[in-house]
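Q:
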Amino acid sequence: MALKATIYKAELTISDMDRNHYATYPLTIAQHPSETTERMMLRLAVFARHASESLEFSRGLSSEDEPDLWQRSYSNEIELWIELGTPDEKRLRKACGRSQNVILYGYHGNAFDIWWQQNKDKCRRLSNLTVYRLSETLATELQVLCARTMRLQATLQDGNMWLGNDVESIEVTPDLLFSGADQ
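The numbering used here puts the sequence shown at residues 14 to 196.
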């Protein structure tokens, strides 16, 4: 018998002063049986950083042809493709060919650092790719906010983000490693 996804509900209120975007999103998040709670919470935090009416969670781990999050136009063209972790360089190259913008958030600590050293030259050839590194402890810190039903607030200002509930608040500030747009 196949394992089923665990479903989480989140009411996410965004106050993004950098983009002048203020909204509340009722989200349903499916945690794949092979996905950790930490990774699922990272997907939620990344959603908060890029929130828009058309940004959505994809089938993610359930589909090889979809990212963790994406934003598609009304004509179904992929405007933004967001990956988490340490994907194969060929997957990133394919994503850059399919999407206007691709963002990678690395979070595996030392494993991501090794991946970046091995792949940075190849990644720097992709002009529509941006690569961020999340702190090694962030995934564990975010797990404190996790509940089957969550009410979260995200405040973004000057490139920094604070994600929290009524009790805890966690700073989520990724380090920019590469932006093809700056070349």
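Virtual Cβ for every residue (Gly too), placed ideally from N, Cα, C. All values reported here derive from a predicted model rather than from experimental measurement.
1. Check for me: the alpha helix (DSSP H) holding E184 runs from which residue to which?
2. Can you grab the Cα-Cα spacing for the pair E79 / R137, in whole Å?
3. Would you list the one or two residues that DSSP bridges to D81?
4. P100 to I91, Cα distance in whole Å?
5. Of the residues I42, M54 and A36, which one's Cα is nearest the Cα of L97?
6. For the alpha helix (DSSP H) containing V157, list its first residue and its last residue.
7. Tell me which same chain residues have a C-beta within less than 7 angstroms of the C-beta of R164, skipping the five on either side of it?
8. Are there three or more Cβ pairs, one per stretch, closer than 8 angstroms when the region 139-153 is compared with the region 107-118?
9. With respect to 6 angstroms, is the separation between the Cβ of A61 and the closest non-hydrogen atom of the ligand NAD below this value?
10. For the region 42-75, which segments carrying the beta strand (DSSP E) assignment without a break, of at least 3 residues, lie completely within its bounds, in sequence order?
11. Kindly indicate which three-state DSSP category A152 falls into: helix, strand or coil?
12. How many angstroms separate the CA atom of W129 from the CA atom of Y35?
13. Which of the three DSSP states, helix, strand or coil, is assigned to G193?
14. Helix, strand or coil for D171, going by three-state DSSP, please let me know.
15. Which of the three DSSP states, helix, strand or coil, is assigned to A18?
16. Can the beta-carbon of E181 be found less than 7 angstroms from the beta-carbon of V157?
17. Taking DSSP as the reference, what is the three-state secondary structure of G110?
18. Taking only the alpha-carbon atoms, compute the straight-line gap between I42 and V115 and give it to the nearest angstrom.
A: With the structure as the only source:
1. Segment S182 to V185 is the beta strand (DSSP E) holding E184; no alpha helix (DSSP H) there.
2. Near 22 angstroms, if we compare the C-alpha coordinates of R137 and E79.
3. Under DSSP, D81 forms no beta bridge with any residue.
4. One alpha carbon belongs to P100, the other to I91, and they sit about 19 angstroms apart.
5. When each option's Cα is compared against that of L97, the closest is M54.
6. From DSSP, V157 is part of no alpha helix (DSSP H); its letter is neither H nor E.
7. Cβ within range, chain order: E24 and N178.
8. Between the region 139-153 and the region 107-118, the count of Cβ pairs shorter than 8 angstroms is three or higher; the stretches touch.
9. Judged by which ligands are present, the structure shown has none, so any question about the ligand NAD falls away.
10. Unbroken beta strand (DSSP E) runs of no fewer than 3 residues, entirely contained in the region 42-75, are found at 68-70, following chain order.
11. DSSP places A152 in helix when its eight states are reduced to three.
12. Going by the C-alpha atoms only, they are around 34 angstroms apart.
13. G193 falls in the helix class under three-state DSSP.
14. Three-state DSSP puts D171 in coil, outside helix and strand.
15. Coil at A18, not helix or strand.
16. Yes.
17. Here G110 sits in helix by DSSP.
18. In a straight line, the C-alpha of I42 is about 21 angstroms away from that of V115.
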